[in-house]
Amino acid sequence: MTEFLLAVGAFVLATVALGLIRVLRGPADADRMMAPQLLGTGGIAALLLLGAATGMPGAIDVALTLTLLAAFASVAFVKGASEPAEPEPDEGGGG
6 MTEFLLAVGA FVLATVALGL IRVLRGPADA DRMMAPQLLG TGGIAALLLL GAATGMPGAI
66 DVALTLTLLA AFASVAFVKG ASEPAEPEPD EGGGG
């Protein structure tokens, strides 16, 4: 069972690497925002699989930390993208 979990963990890491290459080449900001999300999700899955295969209890703590970082990154992106642009001040004397 350990070999299977290690193989699945390696497969997840390989698919994350391939996905990151595609996402980082994306033209839009939203495409680039998918990179931390993909890395966070794939990293969590790989850590949990490898932690279960090797019996490391600390992998869960690291996975939870990655979960929080990925969530905060997406919230910061959405908040920054949804803020309205500041209106330009009137140069006229009012009319």
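Read in order, the letters of the sequence shown are residues 6 to 100 in this note's numbering. Cβ atoms here follow ideal geometry from the backbone N, Cα and C, with glycine treated the same way. As the structure is a prediction and not an experimental result, all values here were calculated from the model.
Given a cut-off of 8 Å on the beta-carbon distance, is the pair residue i and residue j in contact?
i	j	result
I49	G56	no
P41	A78	yes
T46	A22	no
G24	L10	no
Ordered along the chain, which non-local residues of its own chain (more than five positions away) have a Cβ less than 7 Å from that of residue i?
i	result
T7	A58
If I measure Cβ to Cβ from residue i and keep anything under 8 Å in the same chain, skipping five residues before and after, which residues do I get?
i	result
R37	V28, L29 and G31
G63	G56
Note down, in chain order, each residue of its chain lying with its Cβ closer than 6 Å to the Cβ of residue i, except the 5 sequence neighbours on either side.
i	result
L53	A68
Here's the rule: buried if 16 or more other CB atoms are within 10 angstroms of the residue's CB, otherwise exposed. What is residue i?
i	result
V17	buried
L71	buried
A51	buried
G5	Lying outside 6 to 100, the shown extent of the chain, residue 5 is not represented and no answer is given.
Provide the residue span of the alpha helix (DSSP H) that contains residue i, from first to last.
i	result
G24	T7 to L29
By DSSP, does residue i sit in helix, in strand, or in coil?
i	result
G60	coil
P41	helix
A33	coil
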